[in-house]
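Asker: Going by the UniProt record's numbering, 131 is the number at position 131 of the sequence shown; the sequence numbering is gapless.
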Amino acid sequence: MILDILKQQLELHKNRRPYALATVVEILGSSSAKPAAKALIDVSGHILVGWIGGGCAQSMVAKAALECFASGEPRVIEIDLNDEIFGAGMPCGGSMRVYVEPVLPKPLLWLMGHGRIVESLCELAQRLGFEVIINDPQAITDKFSSAYRVINDDSRYQQLQPQPGDFVVIATHHKGDYEALSRALHSEAFYIALVSSRKRAGLVLTRLGQEGFSETSLARVRAPAGLNLGAKLPEEIALSILSEMVMLRRGGLGQPLCQTASATD
Numbered sequence: 001m002i003l004d005i006l007k008q009q010l011e012l013h014k015n016r017r018p019y020a021l022a023t024v025v026e027i028l029g030s031s032s033a034k035p036a037a038k039a040l041i042d043v044s045g046h047i048l049v050g051w052i053g054g055g056c057a058q059s060m061v062a063k064a065a066l067e068c069f070a071s072g073e074p075r076v077i078e079i080d081l082n083d084e085i086f087g088a089g090m091p092c093g094g095s096m097r098v099y100v101e102p103v104l105p106k107p108l109l110w111l112m113g114h115g116r117i118v119e120s121l122c123e124l125a126q127r128l129g130f131e132v133i134i135n136d137p138q139a140i141t142d143k144f145s146s147a148y149r150v151i152n153d154d155s156r157y158q159q160l161q162p163q164p165g166d167f168v169v170i171a172t173h174h175k176g177d178y179e180a181l182s183r184a185l186h187s188e189a190f191y192i193a194l195v196s197s198r199k200r201a202g203l204v205l206t207r208l209g210q211e212g213f214s215e216t217s218l219a220r221v222r223a224p225a226g227l228n229l230g231a232k233l234p235e236e237i238a239l240s241i242l243s244e245m246v247m248l249r250r251g252g253l254g255q256p257l258c259q260t261a262s263a264t265d
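#1: With DSSP collapsed to three states, give me the class of Phe167.
#2: From Phe213 to Ala201, what distance separates their C-alpha atoms?
#3: Determine whether the beta carbon atoms of Val132 and Leu108 lie at a separation below 9 Å.
#4: Evaluate the contact criterion for the segment 214-229 versus the segment 182-198: three or more CB pairs, one atom per stretch, below 8 Å.
#5: In its own chain, which residues sit with a C-beta less than 6 Å from the C-beta of Ile134, not counting the 5 before and 5 after it?
#6: So, for Ala231: in the same chain, excluding its five sequence neighbours on each side, which residues have a beta-carbon less than 6 Å away from its beta-carbon?
#7: Considering only their Cβ atoms, is the gap separating Pro102 from Gly72 smaller than 9 Å?
#8: According to DSSP, simplified to helix, strand and coil, what is Thr209?
#9: How many angstroms separate the CA atom of Gly251 from the CA atom of Gly226?
#10: Tell me which same chain residues have a C-beta within less than 6 Å of the C-beta of Ile47, skipping the five on either side of it?
#11: Whole angstroms is fine: what's the gap from Ile5's alpha carbon to Tyr99's?
#12: Consult DSSP for Asp142 and reduce its assignment to one of helix, strand or coil.
#13: Here's the rule: buried if 16 or more other CB atoms are within 10 angstroms of the residue's CB, otherwise exposed. What is Glu244?
#14: Whole angstroms are fine: how far does the CA of Gln8 sit from the CA of Val49?
#15: Count the other C-beta atoms from every protein chain shown that fall within 10 angstroms of the C-beta of Arg127, then say buried if there are 16 or more, exposed otherwise.
#16: Residue range of the beta strand (DSSP E) that Ala39 falls in?
#17: Can you give me the Cβ contacts of Ala180 inside the same chain, cut-off strictly under 7 Å, excluding the 5 residues immediately before and after it?
#18: Just to check my reading of the structure: Ala125 and Leu229 have Cβ atoms closer than 8 Å, yes? What is that Cβ distance to the nearest angstrom?
#19: Does DSSP classify Thr23 as helix, strand or coil?
#20: Take the Cβ of Ala22 as the centre, count every other Cβ of all protein chains shown within 10 Å, and call the residue buried at 16 or more, exposed below.
#21: On the CB-based measure, 16 or more other CB atoms within 10 Å of its CB, does residue 268 come out buried or exposed?
#22: Tell me the start and end of each unbroken beta strand (DSSP E) in the UniProt domain "XdhC Rossmann" (109-245) that is at least 3 residues and wholly inside, in chain order.
#23: If you reduce the DSSP assignment to three classes, tell me which class Gly55 lands in.
#24: Beta strand (DSSP E) containing Glu78: first to last residue?
#25: Which of the three DSSP states is assigned to Arg16 in this structure?
#26: Once DSSP output is grouped into helix, strand and coil, what is the label at Ser95?
Structure representation (structure tokens):
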């Protein structure tokens, strides 16, 4: 059973599918499950593999898993097994505690382009818990060996398909700004940023507006990308962009902690 669970977990991770891991941590009285019993639950509340008890336990664990998906936090639930059928129609007459932990895919960053800024973004983003997709005709796979995926056969950025919650940073040195931004704006990406000068960004956004994109849609583009850190070096520019991403993802203010009321004592 453990091997089946591990295999299923690897498959879910590979396909970036969220799931919850339920583990029986304590049993009082009788139960059809045993301590350390495990099960994997998908986002619909369906048990994919494993066993944590009969109908009563399964339904309550599935409900807890859905709540964990919504909150992103684990929890421990206590289940009264008096209603669970054990054997020939007899209630178990016990209780159990189950630890339910959501396992959510890491946030995904699409990096369109090449150069030292992109390389620094890839390195820093992975340290901050992002999975990274590199999409650029000049991308060298060996240089981005730790990236989730490297795309170098897509000069028109047709494979740029961000999902809701994804991050997109475009740094194509002007060569693919329009095409990449157009694709990104047709998606529900959480964050879209263009690494460019204000002048270049204005030209690209004007063209997109002429092509039919609304002002509301164009306002999604953060250009120039990043927070104003006074960055000069490629690594510093990458840091400013990641700082903006973290700020938006975590709901921060982008202000010095010493100037905010919520600063930790």
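Beta carbons are placed, not taken as given, at the ideal position from N, Cα and C, and that holds for glycine.
Answerer: For this structure:
#1: Within the sequence shown, residue 167 is the residue found at index 167, counting from 1. In this structure, Phe167 counts as strand in the three-state DSSP scheme.
#2: To locate residue 213, count along the sequence shown from 1; it is residue 213. To locate residue 201, count along the sequence shown from 1; it is residue 201. The straight-line gap from Cα to Cα measures roughly 15 Å.
#3: Locating residue 132 in the sequence shown gives position 132, where the first residue counts as 1. Locating residue 108 in the sequence shown gives position 108, where the first residue counts as 1. Against a cut-off of 9 Å, the Cβ pair of Leu108 and Val132 comes out as a contact.
#4: yes
#5: Position 134 of the sequence shown, counted from the start, is the residue given in the question as residue 134. Closer than 6 Å at Cβ, skipping near neighbours: Leu111, Phe144, Ala147, Val150.
#6: Here the question's residue 231 lines up with position 231 in the sequence shown. Contacts found: Ile237, Ser240.
#7: Your numbering for residue 72 matches position 72 in the sequence shown. Your numbering for residue 102 matches position 102 in the sequence shown. Yes, they are a contact pair.
#8: For the purposes of this step, residue 209 is identified with residue 209 of the sequence shown, where counting begins at 1. The amino acid occupying residue 209 in the given sequence is Gly; Thr does not appear at that position. DSSP places Gly209 in helix when its eight states are reduced to three.
#9: For the purposes of this step, residue 251 is taken as residue 251 along the sequence shown, with counting starting at 1. For the purposes of this step, residue 226 is taken as residue 226 along the sequence shown, with counting starting at 1. Roughly 15 Å separates the two Cα atoms.
#10: By 1-based counting over the sequence shown, the position of residue 47 is 47. So the list reads Ala39, Ile41, once near-sequence residues are dropped.
#11: For the purposes of this step, residue 5 is identified with residue 5 of the sequence shown, where counting begins at 1. For the purposes of this step, residue 99 is identified with residue 99 of the sequence shown, where counting begins at 1. Rounded to the nearest angstrom, the two C-alpha atoms are 16 Å apart.
#12: Here the question's residue 142 lines up with position 142 in the sequence shown. Here Asp142 sits in helix by DSSP.
#13: Within the sequence shown, residue 244 is the residue found at index 244, counting from 1. By the 10 Å Cβ count, Glu244 comes out buried.
#14: Locating residue 49 in the sequence shown gives position 49, where the first residue counts as 1. Locating residue 8 in the sequence shown gives position 8, where the first residue counts as 1. Their backbone Cα atoms lie some 8 Å apart in a straight line.
#15: The sequence position of residue 127 within the sequence shown is 127, counting from 1. The residue in question, Arg127, is exposed, as its Cβ has fewer than 16 Cβ neighbours within 10 Å.
#16: In the sequence shown, counting from the first residue as 1, residue 39 sits at position 39. Start and end: 38-41.
#17: In the sequence shown, the residue the question calls residue 180 occupies position 180. Shown here for Ala180: same chain residues with a beta carbon closer than 7 Å to its own, the five before and five after excluded, namely Met112, Tyr157, Leu160, Ile170, Thr172 in chain order.
#18: The residue you call residue 125 lines up with position 125 of the sequence shown. The residue you call residue 229 lines up with position 229 of the sequence shown. The Cβ separation is near 17 Å, so there is no contact.
#19: Here residue 23 corresponds to residue number 23 of the sequence shown, with the count starting at 1. In the structure shown, Thr23 sits in a strand (DSSP, three-state: E or B).
#20: For this step, residue 22 is matched to residue 22 along the sequence shown. By the neighbour-count rule (16 or more Cβ atoms within 10 Å), Ala22 is buried.
#21: Since the first and last residues shown for the chain are 1 and 265, residue 268 lies out of range.
#22: Given a length threshold of 3 residues, each whole run of the beta strand (DSSP E) inside the UniProt domain "XdhC Rossmann" (109-245) is given here in chain order: 131-135, 149-151, 167-171, 191-194.
#23: To locate residue 55, count along the sequence shown from 1; it is residue 55. Of the three classes helix, strand and coil, the one that applies to Gly55 here is helix, per DSSP.
#24: As a position in the sequence shown, residue 78 is number 78, starting the count at 1. From DSSP, the beta strand (DSSP E) with Glu78 extends over 75-80.
#25: Taking the first residue of the sequence shown as 1, we reach residue 16 at position 16. Reduced to three states, the DSSP call for Arg16 is coil.
#26: Locating residue 95 in the sequence shown gives position 95, where the first residue counts as 1. The DSSP-derived three-state label of Ser95 is strand.
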